[in-house]
Amino acid sequence: MSFVESEERIALRKAVADLGRKYGHEYYLKRAKANEHTDELWAEAGKLGYLGVNVPEEFGGGGGGIGDLAAVCEELAAAGCGLLQMVVSPAICATIIARFGTDEQKRRWLPGFADGTLRMAFAITEPDAGSNSHKLTTTAKRDGDGWILNGRKVFISCVDESQSVLVVGRTEDAKTGKLKPALFVVPTDAEGFTAHRIDMEMVSADWQFSLFLDDVRLPADALVGSEDAALAQLFAGLNPERIMATAYAVGTGRFALSKAVEYANTRTVWKAPIGSHQAVAHPLADAHVQLELAKLMGQKAAALYDAGDDMAAGESANMAKYAAGEAVVKAVDQAVHTHGGNGLTSEYGLGSLLAASRLTRIAPVSREMILNFIAQFSLGLPKSY
Amino acid sequence: MPNIVVLVKQVPDTYSERKLSDGDKTLDRDSADAVLDEINERAVEEALLIKEASEGEVTVLSVGPDRATEAIRKALSMGADKAIHVSDAALHGADVIQTAKVLAAAIGKVDGVDLVIAGNESTDGVAGAVPAILAELLGYPQLTHARKVTVEGSAIKVERETSDGITHLEANLPAVVSVGEKINEPRYPSFKGIMAAKKKPVETLTVADLGLSADEVGLASAWTQVLEASPKPPRQAGQKVADEGDGGVKVAEYLVSQKLI
Ligand SMILES: Cc1cc2nc3c(=O)[nH]c(=O)nc-3n(C[C@H](O)[C@H](O)[C@H](O)COP(=O)(O)OP(=O)(O)OC[C@H]3O[C@@H](n4cnc5c(N)ncnc54)[C@H](O)[C@@H]3O)c2cc1C
Numbered sequence: 001m002s003f004v005e006s007e008e009r010i011a012l013r014k015a016v017a018d019l020g021r022k023y024g025h026e027y028y029l030k031r032a033k034a035n036e037h038t039d040e041l042w043a044e045a046g047k048l049g050y051l052g053v054n055v056p057e058e059f060g061g062g063g064g065g066i067g068d069l070a071a072v073c074e075e076l077a078a079a080g081c082g083l084l085q086m087v088v089s090p091a092i093c094a095t096i097i098a099r100f101g102t103d104e105q106k107r108r109w110l111p112g113f114a115d116g117t118l119r120m121a122f123a124i125t126e127p128d129a130g131s132n133s134h135k136l137t138t139t140a141k142r143d144g145d146g147w148i149l150n151g152r153k154v155f156i157s158c159v160d161e162s163q164s165v166l167v168v169g170r171t172e173d174a175k176t177g178k179l180k181p182a183l184f185v186v187p188t189d190a191e192g193f194t195a196h197r198i199d200m201e202m203v204s205a206d207w208q209f210s211l212f213l214d215d216v217r218l219p220a221d222a223l224v225g226s227e228d229a230a231l232a233q234l235f236a237g238l239n240p241e242r243i244m245a246t247a248y249a250v251g252t253g254r255f256a257l258s259k260a261v262e263y264a265n266t267r268t269v270w271k272a273p274i275g276s277h278q279a280v281a282h283p284l285a286d287a288h289v290q291l292e293l294a295k296l297m298g299q300k301a302a303a304l305y306d307a308g309d310d311m312a313a314g315e316s317a318n319m320a321k322y323a324a325g326e327a328v329v330k331a332v333d334q335a336v337h338t339h340g341g342n343g344l345t346s347e348y349g350l351g352s353l354l355a356a357s358r359l360t361r362i363a364p365v366s367r368e369m370i371l372n373f374i375a376q377f378s379l380g381l382p383k384s385y
Numbered sequence: 001m002p003n004i005v006v007l008v009k010q011v012p013d014t015y016s017e018r019k020l021s022d023g024d025k026t027l028d029r030d031s032a033d034a035v036l037d038e039i040n041e042r043a044v045e046e047a048l049l050i051k052e053a054s055e056g057e058v059t060v061l062s063v064g065p066d067r068a069t070e071a072i073r074k075a076l077s078m079g080a081d082k083a084i085h086v087s088d089a090a091l092h093g094a095d096v097i098q099t100a101k102v103l104a105a106a107i108g109k110v111d112g113v114d115l116v117i118a119g120n121e122s123t124d125g126v127a128g129a130v131p132a133i134l135a136e137l138l139g140y141p142q143l144t145h146a147r148k149v150t151v152e153g154s155a156i157k158v159e160r161e162t163s164d165g166i167t168h169l170e171a172n173l174p175a176v177v178s179v180g181e182k183i184n185e186p187r188y189p190s191f192k193g194i195m196a197a198k199k200k201p202v203e204t205l206t207v208a209d210l211g212l213s214a215d216e217v218g219l220a221s222a223w224t225q226v227l228e229a230s231p232k233p234p235r236q237a238g239q240k241v242a243d244e245g246d247g248g249v250k251v252a253e254y255l256v257s258q259k260l261i
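Heads up: the protein sequence lines correspond to chains F and R, in order. The numbers in UniProt numbering rise by one with no breaks, and the one at position 191 of the first sequence is 191. The numbers in UniProt numbering rise by one with no breaks, and the one at position 64 of the second sequence is 64.
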């Protein structure tokens, strides 16, 4: 067992951190507040291969693992300019297509994931099926060779920045008539596809949308892989999603904490810098401990996943996401508090993280659903719902 | 197809606090994070641009302790092809002349060198003399402080920028060029570059491998030595001006008192 990252992983972190420093939090906030995206950063990171580190080499990717992709995600967030869609496009969508797509689908989509020129959103959440994915109602019906898709999705990130959306729907089993999940790649310019931006209170350069799918006609090969593989596909894609959510949160927490430390080392109200008061120092030390623990569990989940152990990775990935969600909320809260009044000024930019830092507690699965999972599967307690 | 050697140096990160060791007043390398000197990143970038325009090969050359491999890997991950690392305890405390001798000997190990590219000065020693001494030792023309470099066949043109102004230089290859801050923006290593760097050849040489003897190099026989050093004085607290309606006047008075206006 090794608790040290490979030389290449460390070099990757440094390179990404350097790129992140070129953009930084001020750039991010300026864009977010001007109602704009951080496209240049996405494009530059993509060109350098940072967004496709996990895509197989034969399709132009880096041939690395989800652990490498998580390192990229964490370092950009730690520089104050995280790319939210990394959690989705290269992590969920590219993984599912690389593992389950047909050869033709891999050839068509993976090179775009490798250099970031293809961005794909992921849509599972529905207005009446948030935490309960058994209640999904988006349905695909056969239409000759192809499909007709109908349904609604909500909170789908980055739809306007994406060429297509990987939509989780259901199909009717020909024999039993029962509905079973199926994944479709839906172009964002398809007829019958509409997206409405949801007004959000978090300061973010990436936005969420409600989707309406009204008789969207899709060709046969819009279905990813085979009709019966959807559950396996979802499991394959959702572990990377949790690992990436962990990385995004840990990075954001590191960013807030580094700001707090800098401030606590310089701001002097009495005789010495405020960081010399344990009431200021200890909560920051505690935040550091929690972030490191979450990061370590994320690294464990990534290592298990990259070694091909999906089951074991699932438990660790859930625990990591839970821990990271709690750690980032506390780190940001403490960083704001350490800054006193400056914590809420625009100049210091930390207040803008208050709402955003709560995201990892809620999405992609809420902390309660993770605790449900742990209680039931890790501890063997009765299912409560 | 120029065969290029780029000189790179690992230096303490300028973001961290840099110190000299108490004993022999040489650089305390453990006190700070070590990085590839930024001016050398520009030198590597320039070499890569020349290579990309007309092929050729880029060899990175570094004289430094074992951990300088990190700086070498960084240069390789940016796209350089191979490296020579001269590492020897005897080099501890070497001055610019000794360092240039070692570099010249190491360059002698590379077949058919057309161009040597260096940064104009390092951020730690700041002597800015190595490229010129090296050119003398090699018998190559020196084109220092370049802000623009063009290679055409066997000729090289350089725009040299110093506080005296801009000079246009021309020479035949082989030559030594040193680059300044304005030369280019160094690239970030790509993920593929990072993965490939580990597989690229790095030849490690000692002073003896270069045909030099240990007493020609290092602190004992150095022409320069640091005798005394004092830390830079802490920054004084600034003067606060409370604005009681006359803030502007007070600021102006202060600037006048400092002879700034
Ligand atoms: C910024 C943002 C971006 C998002 N991006 C995407 C995206 O790109 N794609 C996508 O598909 N979705 C996305 N989502 C949706 C996200 O995954 C859901 O919000 C999340 O799964 C929770 O679902 P819900 O909002 O319907 O909450 P609900 O399911 O309504 O839950 C509400 C509350 O009840 C609790 N609760 C529910 N059931 C139980 C139970 N059995 N036991 C205990 N407590 C329970 C929950 O923990 C939660 O606190 C995004 C959400 C946000 C906020």
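Beta carbons are placed, not taken as given, at the ideal position from N, Cα and C, and that holds for glycine.
Residue i Cβ short of 7 Å to ligand 1 heavy atom set
i: F/Thr125; result: yes
i: F/Met86; result: no
i: F/Gly130; result: yes
i: F/Asn372; result: yes
i: F/Ile97; result: no
i: F/Glu201; result: no
i: F/Pro364; result: yes
i: F/His385; result: The sequence shown places Tyr at residue 385 of chain F, rather than the His named in the question. True, at least one ligand heavy atom lies under 7 Å from that Cβ.
i: F/Gln208; result: yes
i: F/Leu359; result: yes
i: F/Phe3; result: no
Proximity of residue i and residue j at Cβ, strictly below 8 Å
i: F/Val168; j: F/Ala249; result: no
i: F/Asn54; j: F/Leu41; result: no
i: F/Phe184; j: F/Ala140; result: yes
i: R/Leu137; j: R/Ala175; result: no
i: F/Asp310; j: F/Phe193; result: no
i: R/Leu134; j: R/Ile156; result: no
i: F/Val154; j: F/Ala190; result: no
Best match in the options for proximity to residue i [C-alpha to C-alpha]
i: R/Thr99; options: R/Met78, R/Gly125, R/Asp114, R/Ala80; result: R/Gly125
i: F/Glu58; options: F/Pro273, F/Gly112, F/Glu8, F/Gly80; result: F/Gly112
i: R/Thr206; options: R/Val226, R/Ile117, R/Leu91, R/Gln142; result: R/Leu91
i: F/Leu149; options: F/Lys178, F/Val186, F/Thr176, F/Gln163; result: F/Val186
i: F/His25; options: F/Phe193, F/Asn239, F/Glu75, F/Gly49; result: F/Glu75
i: R/Gly139; options: R/Val116, R/Val241, R/Ala127, R/Glu121; result: R/Val116
i: F/Thr360; options: F/Gln299, F/Ala331, F/Thr246, F/Ser346; result: F/Thr246
i: F/Phe373; options: F/Ala317, F/Ala356, F/Ser357; result: F/Ala317
i: R/Asp111; options: R/Val58, R/Ser16, R/Lys148; result: R/Val58
i: R/Val35; options: R/Leu48, R/Gly93, R/Thr69; result: R/Thr69
i: F/Leu371; options: F/Met120, F/Glu315, F/Gly62; result: F/Glu315
i: R/Ser71; options: F/Arg358, F/Ala11, F/Arg217; result: Reading the sequence as shown, one finds Ala at residue 71 of chain R and not Ser. Per the Cα distances, F/Ala11.
i: F/Lys30; options: F/Gly64, F/Ala205, F/Lys22; result: F/Ala205
i: F/Met86; options: F/Glu227, F/Met120, F/Lys295; result: F/Met120
i: R/Gln239; options: R/Gln258, R/Leu169, R/Arg73; result: R/Gln258
Identity of the residues DSSP links to residue i by a beta bridge
i: F/Gly146; result: F/Asp143
i: F/Pro181; result: F/Arg170
i: R/Glu203; result: R/Ile84
i: R/Lys157; result: R/Thr150, R/Glu170
i: F/Phe193; result: F/Leu213
i: R/Leu143; result: R/Val177
Contact set for residue i: own chain, Cβ-Cβ below 6 Å, skip 5 residues either direction
i: F/Gly46; result: Asp115, Gly116
i: F/Tyr348; result: His339, Asn342
i: F/Ala77; result: Tyr248, Gly251, Thr252
Beta-carbon proximity list for residue i, same chain, < 8 Å, skipping 5 on both sides
i: F/Gly343; result: Ala335, Val336, His337, Leu350, Gly351
i: R/Val96; result: Gly125, Ala127, Ala129, Val130, Ile133, Thr224
i: F/Glu104; result: Asp221
i: F/Asp39; result: Glu161
i: F/Arg9; result: Gly67, Asp68, Ala71
i: R/Ile194; result: Ser77
i: R/Asp66; result: Ser87
Beta-carbon proximity list for residue i, same chain, < 7 Å, skipping 5 on both sides
i: F/Lys135; result: Asp128, Ala129
i: R/Ala229; result: Leu20, Lys25
i: R/Ala146; result: Val158, Glu159, Arg160, Val177, Ser178, Val179, Gly180, Ile183
i: R/Val113; result: Asn3, Val5, Ile107, Pro174
i: R/Val63; result: Val86, Leu91, Thr99, Val102, Leu103
Any residues in the region 93–120 of chain F with a beta carbon nearer than 9 Å to a beta carbon of chain C? Which ones, in chain order? Absent here is chain C; the protein component of the structure consists of chains F and R.
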